[in-house]
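Visitor:
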Amino acid sequence: MTREELLATAEKLPRFSTVTAGEFAEKREQLALEMNRIMGQRPDLADLIGEGNHAMMEDNHRNHARFIGSLIHNFSPQVLVETVLWVFRAYRSHGFRLTYWPAQLDTWVEVLKRELSPAAYEEIYPLYHWMIIHQPAFVDLSDALIGGQATPGHGA
């Protein structure tokens with residue numbers, strides 16, 4: 027899948043209501059804390075993020091919550107695609123393995139389902155579903171951007 031094809035799929039995502047944007051903004055910090063609690067308890071955490079990256083993972087979850095909050099408030103398919111590609115490149119270069127993203131996104135879905143109202147969850151879930159199903163495209167495109175090959179030892 028090309029970057030343009032990926033962008034075309036992102037353009038089809040539904041937009042978000044101001045009510046959902048407000049609820050997410052109100053709960054953003056709590057969501058990130060819960061993500062960090064759950065992910066921090068995983069026995070396979072070092073296999074997912076590499077040694078010495080616990081604080082970086084926690085920062086990623088806080089940044090993710092801020093980014094999603096901003097995206098929900100002012101949706102931009104271009105910003106979504108470019109940011110996710112940047113995240114894949116940046117975190118992989120620090121030792122995060124490819125297996126981290128499905129684990130992280132699945133956990134975000136669980137946390138959102140539990141912490142948000144059913145209406146807000148139903149609006150936000152398509153965005154997470156899109157990120158989950160397009161992980162192979164993000165891997166391929168980020169590999170191409172970092173020189174046509176995955177960073178050694180990062181699970182690609």
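Residue 27 is where the sequence shown starts when you use our numbering, and the numbers rise one by one after that. Glycine residues also receive a C-beta, built at the ideal position from the N, C-alpha and C atoms.
(1) Could you tell me which of Ala51, Ile75, Ser102, Arg54 sits nearest to Arg123, measuring between CA atoms?
(2) Using the C-alpha atoms, what's the distance from Glu31 back to Lys38?
(3) Is Gln175 helix, strand or coil when you go by DSSP?
(4) Can you determine whether any heavy atom of the ligand GDP sits closer than 8 Å to the C-beta of Thr35, and answer yes or no?
(5) When the distance is taken between beta carbons, is Val107 closer than 9 Å to Leu97?
(6) Take Ala72 as the anchor and find which of Val45, Gly121, His99, Ile64 has the nearest alpha-carbon.
(7) Assess contact between the region 33-53 and the region 148-167, defined as three or more Cβ pairs (one per stretch) separated by less than 8 Å. Is contact present?
Guide: Concretely, from the data shown:
(1) Start at 1 with the first residue of the sequence shown, and residue 123 comes out as number 97. Nearest of Ala51, Ile75, Ser102, Arg54 to Arg123, Cα basis: Ile75.
(2) In the sequence shown, the residue the question calls residue 38 occupies position 12. In the sequence shown, the residue the question calls residue 31 occupies position 5. One C-alpha to the other measures close to 11 Å.
(3) Against the sequence shown, residue 175 aligns to sequence position 149. For Gln175, the pLDDT reaches just 46, beneath the cut-off of 50, and the residue's location in the model is therefore unreliable, although a value from the coordinates is still provided. Coil, per DSSP.
(4) No copy of the ligand GDP occurs in the structure displayed, which carries no ligand at all.
(5) Translated into positions along the sequence shown, residue 97 becomes position 71. Translated into positions along the sequence shown, residue 107 becomes position 81. Going by C-beta atoms, Leu97 is not nearer than 9 Å to Val107.
(6) Walking along the sequence shown from the start, residue 72 turns up at place 46. Ala72 has its Cα closest to that of Gly121, out of Val45, Gly121, His99, Ile64.
(7) yes
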